[in-house]
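**Q** Okay, handing you the structure first.
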Amino acid sequence: MELPFKAITYAQADDAVLRTLGTPRTLFWLFVLLAAGGTGFGAFCWGYQIATGMGVAGINHPVVWGTYLINFVFWVGIAHSGTLISAILYLLKARWRNPLARAAEAMTVFAVAIAGLFPLIHLGRVWIVYWILPYPNQRDLWPNFQSPLVFDVVAISTYFTVSSLFWYTGLLPDLATVRDRATGIRKKIYGIFSLGWTGDHLQWTHHGWGYLLLAALATPLVISVHSVVSWDFALSVVPGWHSTIFAPYFVAGAIHSGLAMVLILLIPLRLIYKLEEILTMRIFERVAQTIVFTGLIMGYSYATEFFIAWYSGNVAEWDIFLWRATGPYAFWFWLMTAFNSVAPLGFFFKTLRTRLIPLLVIAVLIQIGMWYERFVIILSSPAHEFDPYSWGRYFGPTWVEYGILIGSFSMFFLLFLLFAKFLPSVSMSELKEEIPAPGRSRGEGGP
Amino acid sequence: MSNQKHGLIGIFQSLDTTLSSLRRLRDSGLRVEKVYSPARTEEITTLMESKPSPVRYFTLAGGITGILFGYGLASFAALKWGFIVWGKPPVVFVPYVIVSFEFCILFAVFATLLGIAIHTRLPRFRLPVEYDPRFSRDHYGVVVHCEEEEKGRIREMLLQAGAAEVKEIRPE
Numbered sequence: 001m002e003l004p005f006k007a008i009t010y011a012q013a014d015d016a017v018l019r020t021l022g023t024p025r026t027l028f029w030l031f032v033l034l035a036a037g038g039t040g041f042g043a044f045c046w047g048y049q050i051a052t053g054m055g056v057a058g059i060n061h062p063v064v065w066g067t068y069l070i071n072f073v074f075w076v077g078i079a080h081s082g083t084l085i086s087a088i089l090y091l092l093k094a095r096w097r098n099p100l101a102r103a104a105e106a107m108t109v110f111a112v113a114i115a116g117l118f119p120l121i122h123l124g125r126v127w128i129v130y131w132i133l134p135y136p137n138q139r140d141l142w143p144n145f146q147s148p149l150v151f152d153v154v155a156i157s158t159y160f161t162v163s164s165l166f167w168y169t170g171l172l173p174d175l176a177t178v179r180d181r182a183t184g185i186r187k188k189i190y191g192i193f194s195l196g197w198t199g200d201h202l203q204w205t206h207h208g209w210g211y212l213l214l215a216a217l218a219t220p221l222v223i224s225v226h227s228v229v230s231w232d233f234a235l236s237v238v239p240g241w242h243s244t245i246f247a248p249y250f251v252a253g254a255i256h257s258g259l260a261m262v263l264i265l266l267i268p269l270r271l272i273y274k275l276e277e278i279l280t281m282r283i284f285e286r287v288a289q290t291i292v293f294t295g296l297i298m299g300y301s302y303a304t305e306f307f308i309a310w311y312s313g314n315v316a317e318w319d320i321f322l323w324r325a326t327g328p329y330a331f332w333f334w335l336m337t338a339f340n341s342v343a344p345l346g347f348f349f350k351t352l353r354t355r356l357i358p359l360l361v362i363a364v365l366i367q368i369g370m371w372y373e374r375f376v377i378i379l380s381s382p383a384h385e386f387d388p389y390s391w392g393r394y395f396g397p398t399w400v401e402y403g404i405l406i407g408s409f410s411m412f413f414l415l416f417l418l419f420a421k422f423l424p425s426v427s428m429s430e431l432k433e434e435i436p437a438p439g440r441s442r443g444e445g446g447p
Numbered sequence: 001m002s003n004q005k006h007g008l009i010g011i012f013q014s015l016d017t018t019l020s021s022l023r024r025l026r027d028s029g030l031r032v033e034k035v036y037s038p039a040r041t042e043e044i045t046t047l048m049e050s051k052p053s054p055v056r057y058f059t060l061a062g063g064i065t066g067i068l069f070g071y072g073l074a075s076f077a078a079l080k081w082g083f084i085v086w087g088k089p090p091v092v093f094v095p096y097v098i099v100s101f102e103f104c105i106l107f108a109v110f111a112t113l114l115g116i117a118i119h120t121r122l123p124r125f126r127l128p129v130e131y132d133p134r135f136s137r138d139h140y141g142v143v144v145h146c147e148e149e150e151k152g153r154i155r156e157m158l159l160q161a162g163a164a165e166v167k168e169i170r171p172e
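Line by line, the protein sequences give chains A and B. For what it's worth, our numbering labels the leading residue of the first sequence as 1, then goes sequentially. For what it's worth, our numbering labels the leading residue of the second sequence as 1, then goes sequentially.
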């Protein structure tokens, strides 16, 4: 089978990846400064909200879940593709996975960490967050493990822990490679984090088995986590939320947005660090083809939701769907439909999926579409429940909510920039499993 | 006292010469202690007759413990809280499947990592004396522990198989 990346030597693979850890250009530090500034502004907005009260956010009866919950679902969604690419494609032995996997895993870890902040931000009184944890207390109060919100705490914290450990386990051999090339204090630091890895055959055997098992464990976890997030909504009786399609629909949406984010992160990485030999156009093409597939699932899900709402004969259910498409949120509804299920169809054309600018543009459109999909789902249902006397609108986003949104994106890009600077953003050891071993040419077997 | 032994390490520039040396050493009845390689290589694993890793038993044990812990925690919390709704029993099955599943994965992952750490003997604070930084780049290393009088024969064998250099391993 033809390799999805160029046949380079082991040494060239190391050199290409290790180049990303060298002294960066001034432009890099400008981006870091910008991202740090945005993160600082987000932190200021959160601090202002804590000091002033939740009134500074646009949430109020009847829409009490505003942009914070939108952001939460959005970032959990972004977190999904990392593990999808890394774990599921690893189990399927998809060769185009290897150059992408490390950056996608990093994306997962950062996105899920940011997602985890939003329930805290939404909580208002963040200092009592520990109440949700099961700990012995004198009043014998315990969390209710039948609640989807408690499912969420367990699922998200498990996902964050497992993704981080999966990422670190994969990083070990590469940290040893960096250690062996570094000098001075860097050698010591990478030496500590590589845990004394040497790459002897027993280490490779046990590491390989362990990594395979971690991938097998992470795969159902990915599916479960966004299903659990969808049950925050689906286990209620609110029209537009109470639906069995929510779990697969949310999982597909998460993969859709996550794949688009992979393109947004890796295209600049390829350009800045000149990784054309590793992050080839064929790999981006594979991602684009997968996006077409997830985009079709999204379009099908939107249509199915409407059909079932009509076919059920449930007046409240059908009314909310009509209201979404024709009411005050109609613009956002049609925007999400166009950006999530129509724009990705552009990747049916080879000319669009093999050029960086169209790839990037469609990926950004998908991000916008997916954010507004959560906007429409989360805001419209409580705004238009069963009884007209309780109908209302969301009053945000206010400047504080926008500030926190900007802060979350800035923090995400800041963490990714620092990751690309200090850690190998492409897995050298996995790349070496695919390229010809030293002394062999492509496709040549042993003696 | 150091538990490292005397021996030789052959450093190879290609996979094929490494495999060839492993075959020669095996055919001569010599035991290869370790093979260093820059990446996981199926052919080396096969020649070294590595058994399937016992890490998988750690995973299984961790997963079962997680299921029991998750279900136990949810049941314990429900019984301590004792909040009866519509006369239904406080301990239920279906919702706790989710909690049990998440803990199953979490504990299985912890146990897998423990298994990897035990079997790979990591973390290790000092690298073995024979380790060469080139092994993480594009070289291979074949380690044979032997007595002083055997060194000449083994050195010759490694060089004939295509070793770029052969070094003596002397414990520090």
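For glycine and all other residues, C-beta sits at the position ideal for the given N, C-alpha and C. The structure presented is a predicted model; accordingly, all values stated were derived computationally and were not measured.
Is there a Cβ from chain A that is less than 7 Å from the Cβ of V97 of chain B?
**A** no
**Q** Report buried or exposed for A137 of chain A, applying the criterion of at least 16 other Cβ atoms within 10 angstroms of its Cβ.
**A** Position check: residue 137 of chain A holds Asn in this sequence, whereas Ala was assumed. The residue in question, N137 of chain A, is exposed, as its Cβ has fewer than 16 Cβ neighbours within 10 Å.
**Q** I'd like to know whether the C-beta atoms of V166 of chain B and L22 of chain B end up nearer to each other than 7 Å.
**A** V166 of chain B is not a Cβ neighbour of L22 of chain B, given a cutoff of 7 Å.
**Q** Whose CA, out of A:W142, A:Y389, A:H201, A:I114, lies closest to the CA of A77 of chain B?
**A** A:W142
**Q** If the cut is a Cβ gap below 7 Å, which residues of chain A does G115 of chain B touch?
**A** G210
**Q** Between the alpha carbons of L335 of chain A and L379 of chain A, how many angstroms are there, rounded?
**A** 15 Å
**Q** Using a Cβ-Cβ cutoff of less than 8 Å, which residues in the same chain neighbour R324 of chain A once the five nearest sequence positions on both sides are dropped?
**A** G240, A330, F333, V376, S380
**Q** If the cut is a Cβ gap below 9 Å, which residues of chain A does W81 of chain B touch?
**A** Annotation: Cβ neighbours of W81 of chain B in chain A (cutoff 9 Å, chain order): D140, L141, W142, P143, N144.
**Q** Since S164 of chain A meets chain B, which of its residues come closer than 8 Å, beta carbon to beta carbon?
**A** None at all; the shortest Cβ gap to chain B is about 10 Å.
**Q** Could you run through the stretch 135-157 of chain B and flag, in chain order, every residue whose CB is less than 7 Å away from some CB of chain A?
**A** F135, S136, R137, D138
**Q** Rounded to whole angstroms, what's the CA-CA distance from P424 of chain A to A182 of chain A? Just pull it up for me.
**A** 13 Å
**Q** What first and last residue would you give for the alpha helix (DSSP H) that runs through E156 of chain B?
**A** 151-161
**Q** In the DSSP output, which residue or residues are listed as bridge partners for H206 of chain A?
**A** DSSP lists no partner for H206 of chain A.
**Q** Starting from H119 of chain B, find everything on chain A with Cβ-Cβ shorter than 8 Å and list it in chain order.
**A** L202, H206
**Q** Can you tell which of A:N144, A:L117, A:G184, A:I128 has its C-alpha closest to the C-alpha of I156 of chain A?
**A** A:L117
**Q** How is D180 of chain A classed by DSSP in three states: helix, strand or coil?
**A** helix
**Q** Output yes or no for whether 7 Å exceeds the beta carbon distance between P248 of chain A and V292 of chain A.
**A** no
**Q** Given a threshold of 16 other Cβ atoms within 10 Å of its Cβ, counted over all protein chains shown, does K188 of chain A qualify as buried or as exposed?
**A** exposed
**Q** Measuring only the C-alpha atoms, how far is L100 of chain A from R137 of chain B?
**A** 20 Å
**Q** Can at least three beta-carbon pairs, one atom from the stretch 10-21 of chain B and one from the stretch 137-151 of chain B, be found at a separation below 8 Å?
**A** Here the stretch 10-21 of chain B lies against the stretch 137-151 of chain B, with 3 or more beta-carbon pairs under 8 Å apart.
**Q** Taking the alpha carbon of W209 of chain A as the point to measure from, which residue in B:S14, B:V35, B:T45 has its own alpha carbon closest?
**A** B:T45
**Q** What residues in the stretch 9-22 of chain B bring their beta carbon closer than 8 Å to a beta carbon of chain A?
**A** Q13, S14, L15, D16, T17, L19, S20
**Q** Output the boundary residues of the beta strand (DSSP E) element that contains Y394 of chain A.
**A** From DSSP, Y394 of chain A is part of no beta strand (DSSP E); its letter is neither H nor E.
**Q** For E102 of chain B, which residues in chain A fall below 9 Å Cβ to Cβ?
**A** F151, V154, A155, S157, T158, Y159, L221, S224, V225, V228
**Q** Is the stretch 220-233 of chain A close to the stretch 64-77 of chain B, with three or more CB pairs under 8 Å?
**A** no
**Q** Anyone know if the C-beta pair for G199 of chain A and S37 of chain B falls short of 7 Å?
**A** yes
**Q** Kindly indicate which residue of A:K350, A:A303, A:L172, A:V315 has the alpha-carbon position closest to the one of N340 of chain A.
**A** A:A303
**Q** Tell me, to the nearest whole angstrom, how far the beta carbon of V97 of chain B is from that of V154 of chain A; I am working on the premise that it is less than 8 Å.
**A** Actually they do not touch by this definition, with Cβ atoms about 12 Å apart.
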